[in-house]
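Sequential numbering of the first sequence, starting at 3, is according to the numbering used here.
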Amino acid sequence: MPLQVRLPDDSIRQLPDGATGTTLAESIGPRLAEAALGVRLDGGKLQDLGTPLLDGQKVAIVTSKDPEALDLLRHSTAHLLAQAVKRLFPAAKVGIGPVIEDGFYYDFLVEKAFTPEDLAAIEAEMMRISREDLPVVREEMPRNAAVERFRAMGEQLKVEVVSDIPEGETISGYRQGDFYDLCRGPHVPSTGKLKAFKLLHTAGAYWKGDERNPMLCRIYGTAWFSQKDLEEHLKRLEEAKARDHRKLGRELDLYSFHPEAPASPFFHPKGTVVYNALVDYIRELYHKYGYREVITPQILDVSLWKTSGHYENYAENMYFTTAEEREYAVKPMNCPGHCLLFGSAKRSYRELPMRIADFGRLHRFERSGVTHGLTRVRTFCQDDAHLFCEPEHIKEEMASFLALLKEVYDTFGFHEMRVALSTRPEKRLGSDEVWDAGEKALADAMTEAGMAFTLNPGEGAFYGPKIEFQILDALRRPWQLGTLQVDYMLPERFKLRYTRADGHEGQPVMLHRAILGSLERFMGILVEHTAGAFPVWLAPVQAAILPITDRAHAYARQVQEEAQALGLRTDLDLRNEKINAKIRDHQLMKVPYMLVLGDREAAAAQVSVRHRHAGDQGVTPTAAFLERLRDEARTRAH
RNA sequence: GCCCACAUAGCUCAGCGGUAGAGCACUCCCUUGGUAAGGGAGAGGUCUCCGGUUCAAGCCCGGAUGUGGGCUCCA
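So, in structure tokens, the structure goes:
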């Protein structure tokens with residue numbers, strides 16, 4: 003019996019009985035048949051092109067233009083990878099092979115980890131299978147039959163996966179030539195559609211991500227619709243590598259790492275300039291937003307950490323030390339110290355909100371293997387502050403914080419932000435009423451600030467709900483920076499009290515908040531975001547002074563003195579080098595401005611200005627240029 | 001912590017059982033040069049550390065330390 007389907011343009015098409023997406027695409031035209039990857043039925047999810055069509059269905063042929071098509075392609079490429087591995091390493095057992103951001107991976111249980119040469123061979127085999135253009139065919143069977151089938155194939159990991167699926171359900175799998183894999187699908191119609199892919203690297207990964215399970219060997223890869231897209235993506239990876247803050251930090255002489263202090267940065271003079279500029283900026287805003295800064299001890303008695311709960315919940319991340327038979331811990335957080343500070347006097351509602359900021363150095367023991375450059379270290383400072391306030395003032399404190407946060411992110415040019423609200427977890431302290439109030443306050447404050455946010459149900463801290471702020475950097479990579487957490491637990495544990503307006507005792511609420519998060523990590527992000535070309539206000543050297551000959555040295559010194567008087571950071575290059583060499587060296591150090599000084603400039607009290615990006619800007623009176631530079635720094639232009 | 005890889009001059013790297021190399025950077029000399037590398041000379045290394053194999057180890061084998069890629073984005 004023939005059937006009728008409706009196309010996206012609302013036209014009706016007659017098809018023979020048993021028609022599939024393939025039949026339809028072929029009936030429309032050979033070019034579409036070639037481009038077709040799947041179908042979308044009645045506006046639903048993407049499905050195989052070979053799915054049988056039903057009478058009266060709305061059918062859309064999906065090609066590479068569909069937003070979901072790339073995932074389909076990548077998933078099929080993961081299968082292609084598994085097939086190639088099974089051909090070359092028949093003993094390998096397949097794990098899972100999902101699509102990830104920009105690519106895919108596949109896990110294998112093997113005796114010996116894959117080498118880079120293996121990877122090249124596997125990639126070549128994938129190419130061969132692609133040229134074989136094997137049809138990819140869906141097969142369905144009851145769960146128990148699937149369990150038996152994978153058991154017979156010796157694929158113990160797949161047996162485990164299928165066994166986790168409820169009994170009685172139908173299982174789908176896909177066959178392409180000699181390879182069969184459990185998969186929900188959908189997939190491309192044949193392996194010939196997979197052309198632009200590359201295997202990137204291998205890594206160990208625990209089966210199901212659980213470190214009690216055996217370690218599998220994971221192969222990461224990427225796949226695109228065209229060679230051009232693939233190459234562009236590889237170029238982006240190169241670009242990210244070129245911006246790697248570990249590499250730039252060394253090249254720009256910002257910081258270094260030493261085995262004597264693993265995962266702990268040493269900031270060089272230039273890195274320290276940037277670091278301090280960040281601190282100065284945040285301090286300036288603290289003044290504007292009514293914060294007061296405090297300095298609190300580094301090492302505190304364990305009794306404090308027992309009161310705060312860190313001793314029970316956080317000890318594995320803490321450093322301990324003993325002196326005169328008394329046990330101490332190096333602080334991993336400032337909050338308990340701030341509670342002592344709050345409790346050091348009888349407090350009145352008139353003193354609230356009390357906003358206590360602390361750039362104290364923190365030490366957290368991170369397991370070896372998880373540390374990374376500046377972004378995951380064992381010692382760092384945060385732009386940390388705690389706001390002690392009356393419960394009814396939570397909302398306005400948040401509003402003020404959000405304004406501050408926006409101001410900071412704008413300054414760095416982070417205009418795109420993602421915000422997530424994490425709500426009460428299963429295991430938590432405090433009553434439901436308190437959680438209701440806290441979550442509502444956070445949500446309302448966000449809404450009133452006009453910030454869209456997503457929900458992470460159950461992801462809050464055990465002591466209160468929290469908001470996390472993510473920004474996107476120049477390469478559109480997300481980074482979590484700021485956080486705002488409502489805490490009812492610490493004030494309770496430290497028995498913090500204040501006298502309310504009605505004369506009775508109240509318990510303050512504590513808000514934990516940070517904007518840049520860890521200054522170390524933020525600097526790493528900033529280096530990658532700017533590729534090391536810091537805006538003038540952060541640049542370790544704001545202008546390099548480059549005399550052309552010895553005759554200009556005296557004038558060059560004079561220019562430096564003038565610049566210094568205006569609070570500018572300059573580098574005077576008196577080396578016996580040609581001007582080209584001097585320019586090149588400072589250009590490589592990404593100095594924003596280079597001032598070229600010869601006889602002509604010296605005679606006219608001018609500087610010849612070269613900008614690191616815009617190039618030669620011509621001559622200008624020295625005083626005018628220096629004032630302009632000072633203003634650029636002062637306004638924190640980016 | 002676990003899997004895999006790597007560790008040679010300040011940096012980037014070559015050397016692959018037989019007396020340690022290059023480029024850049026550094027020091028000195030010549031050169032005073034107008035918008036991305038002028039020329040020459042010199043100095044610099046218990047080849048990460050500790051054991052082992054060998055007549056002989058930077059190189060082969062253990063171990064330690066550090067660094068790097070990762071350790072669900074769930075068929």
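By construction, the Cβ of each residue, glycine as well, lies at the ideal position given by its N, Cα and C atoms.
C-alpha gap between residue i and residue j, whole angstroms
i	j	result
Ser-1	Gln-384	Past the edges of the chain, shown from 3 to 640, lies residue 1, and the structure says nothing about it.
Ile-517	Ala-263	27 Å
Asn-319	Asp-180	50 Å
Thr-24	Glu-134	19 Å
Gly-362	Ala-325	22 Å
Arg-632	Leu-570	7 Å
Glu-295	Pro-261	33 Å
Met-525	Ser-192	47 Å
Ser-29	Val-190	19 Å
Ala-533	Leu-75	33 Å
Pro-493	Ala-244	47 Å
Phe-227	Glu-169	38 Å
Glu-233	Pro-338	51 Å
Gly-45	Val-61	8 Å
Leu-218	Glu-240	27 Å
Thr-425	Glu-461	6 Å
Arg-349	Asp-282	30 Å
Val-304	Ala-454	41 Å
Ala-535	Ala-616	13 Å
Residue i, DSSP secondary structure in three states
i	result
Lys-95	strand
Met-525	helix
Trp-539	coil
Phe-403	helix
Gly-140	The residue you asked about is not Gly; residue 140 is Arg in the sequence shown. Correct three-state label for Arg-140: strand.
Glu-150	helix
Asn-278	helix
Tyr-108	strand
Gly-466	strand
Gly-505	coil
His-613	strand
Met-320	coil
Pro-100	coil
Met-419	strand
His-189	coil
Ile-581	helix
Tyr-182	strand
Met-453	coil
Gly-620	strand
Local Cβ density within 10 Å of residue i, reported as buried at 16 or more and exposed below that
i	result
Ser-346	exposed
Ile-301	exposed
Tyr-565	For the sequence presented, residue 565 should be read as Ala rather than Tyr. Buried: at least 16 other Cβ atoms inside 10 Å.
Gln-229	exposed
Gln-544	buried
Asp-50	buried
Arg-186	exposed
Asn-336	buried
His-514	buried
Pro-271	exposed
Lys-88	buried
Val-161	buried
Pro-537	buried
Residues that residue i bridges to, as DSSP identifies them
i	result
Lys-200	Thr-224
Asn-336	Looking at the DSSP assignment, Asn-336 forms no beta bridge with any residue, so it has no partner.
Phe-268	Ser-258
Leu-474	Pro-480
Asp-246	According to DSSP, which records beta bridges pairwise, Asp-246 is partnered with nothing at all.
Phe-390	Met-356 and Met-512
Asn-458	Ser-424
Cys-219	Phe-110 and Gly-206
Glu-2	The first residue shown for the chain is 3 and the last is 640, placing residue 2 beyond what the model contains.
Val-41	Gln-49 and Ile-63
Presumed contact (8 Å Cβ cut-off) between residue i and residue j, rounded CB distance
i	j	result
Ala-443	Lys-397	5 Å
Leu-254	Lys-592	7 Å
Leu-9	Leu-17	That pair is no contact at about 11 Å.
Ala-148	Val-164	5 Å
Glu-71	Leu-39	The residue asked about is misnamed: residue 71 is Ala in this sequence, not Glu. That pair is a contact at about 6 Å.
Tyr-351	Tyr-500	6 Å
Contact test: residue i Cβ vs the ligand COA heavy atom, cutoff 7 Å
i	result
Ile-284	Among the ligands in the structure shown, none appear at all, so the ligand COA cannot be discussed.
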